[in-house]
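In UniProt numbering, the protein residues as written are 1 to 219.
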């Protein structure tokens, strides 16, 4: 039976950042801005769908064998031994576990990839995103517990992913909030790192499939 394993910081992963927009939101007070709303209107709009308690995810299971196989796939792709990197939903969640700690908390408590929407080139994930209240100095968290769709794309910095849709059961998420989240792409902060940026740029094409995502060095 697979066992849950805490894994030390590892090397390159094409999907390292898995919640960088949340990190940025925390740095700047926890309120994601969009131009059509005042700060107070934003706070009220977020209160409509935010919860006081975070949802809990089951631990990510990654056996030693699965970890070794995943790390080999990443290493081979980085070294140019393969031109394609295919990652399943389980492997994407495995990447959350082996991703380096950036100092902004563990990604494993914020995100779980669940399925795909190949026709829209999207990965669908359950999310638990921590946000501050407007009085951010009080350090009282609230949480977006719901589902987020991440559109996988390739731009000048390489492969990336951005929020394309957010759903919270029984609640309305303002369109402006989703638009604001899209400005914080998942991998942008990592594109400037020498250990990761060049590897991200290797990817010329990213295709979401029924089982996960395929990254290619050929356009």
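Glycine is no exception: its CB is placed at the ideal position from the N, C-alpha and C atoms. Bear in mind the structure is a predicted one, so any value in this text is a computation, not a measurement.
Go through its chain and collect everything with a Cβ distance to residue 209's Cβ below 7 angstroms, but skip five positions before and after it.
Taking the first residue of the chain shown as 1, we reach residue 209 at position 209. Closer than 7 angstroms at Cβ, skipping near neighbours: 116 and 118.
Run through the DSSP bridge pairs and tell me what residue 147 is partnered with.
Within the chain shown, the letter at position 147 stands for residue 147. Per DSSP, the beta-bridge partners of residue 147 are 126 and 167.
By how many angstroms is the C-alpha of residue 191 removed from the C-alpha of residue 42?
Here the question's residue 42 lines up with position 42 in the chain shown. Here the question's residue 191 lines up with position 191 in the chain shown. For residue 42 and residue 191, the distance between alpha carbons rounds to 30 angstroms.
Please classify residue 181: does DSSP put it in a helix, a strand, or coil?
Looking up residue 181 in the chain shown gives position 181. In this structure, residue 181 counts as helix in the three-state DSSP scheme.
Start and end residues, beta strand (DSSP E) containing residue 213:
Sequence index remark: in the chain shown, residue 213 carries index 213 (1-based). Residue 213: member of the beta strand (DSSP E) spanning 212-216, first to last residue.
Whole-angstrom distance between residue 140 and residue 200, CA atom to CA atom:
In the chain shown, the residue the question calls residue 200 occupies position 200. In the chain shown, the residue the question calls residue 140 occupies position 140. Those two C-alpha atoms are separated by around 36 angstroms.
Rounded straight-line distance, which links the Cα of residue 172 to that of residue 82:
Mapped onto the chain shown, residue 82 falls at position 82. Mapped onto the chain shown, residue 172 falls at position 172. Roughly 44 angstroms between the two C-alpha positions.
Residues near residue 174 by beta carbon distance below 7 angstroms, same chain, minus five either side:
Position 174 of the chain shown, counted from the first residue, corresponds to residue 174. The answer, listed in chain order, is 45.
Alpha carbon of residue 154 to alpha carbon of residue 204, nearest angstrom
As a first step, residue 154 must be located in the chain shown, where it is residue number 154. As a first step, residue 204 must be located in the chain shown, where it is residue number 204. For residue 154 and residue 204, the distance between alpha carbons rounds to 6 angstroms.
Assign residue 40 to one of two classes, buried (16 or more other C-beta atoms within 10 Å of its C-beta) or exposed (fewer than that).
Reading the chain shown from its first residue, position 40 is the one you call residue 40. By the neighbour-count criterion, in which a residue is buried when 16 or more other Cβ atoms sit within 10 angstroms of its Cβ, residue 40 is exposed.
Got a sec, what are the start and stop residues for the beta strand (DSSP E) residue 88 sits in?
To locate residue 88, count along the chain shown from 1; it is residue 88. The continuous beta strand (DSSP E) containing residue 88 extends over residues 84-88.
Taking Cβ to Cβ, would you say residue 93 is nearer than 9 angstroms to residue 67?
If you number the chain shown from 1, residue 93 lands on position 93. If you number the chain shown from 1, residue 67 lands on position 67. Taking 9 angstroms as the Cβ cut-off, residue 93 and residue 67 do not qualify as a contacting pair.
Bounding residues of the alpha helix (DSSP H) (the contiguous stretch that carries residue 111):
Residue 111 sits at position 111 when you count from the first residue of the chain shown. Counting along the chain, residue 111 falls outside any alpha helix (DSSP H), though it belongs to the beta strand (DSSP E) covering 111-117.
Own chain partners of residue 198 with C-beta closer than 6 angstroms, once the 5 adjacent residues on each side are dropped
On the chain shown, position 198 is the one that residue 198 refers to. Taking residue 198 as the centre and dropping the five residues before and after it, the same chain places no C-beta closer than 6 angstroms to its C-beta.
Looking only at its chain, what residues have a beta carbon closer than 6 angstroms to the beta carbon of residue 55, apart from the 5 residues adjacent to it on each side?
Position 55 of the chain shown holds residue 55. Contacts found: 128 and 145.
Three-state secondary structure (DSSP) of residue 219
Locating residue 219 in the chain shown gives position 219, counting from the first residue. For residue 219, the three-state secondary structure derived from DSSP is coil.
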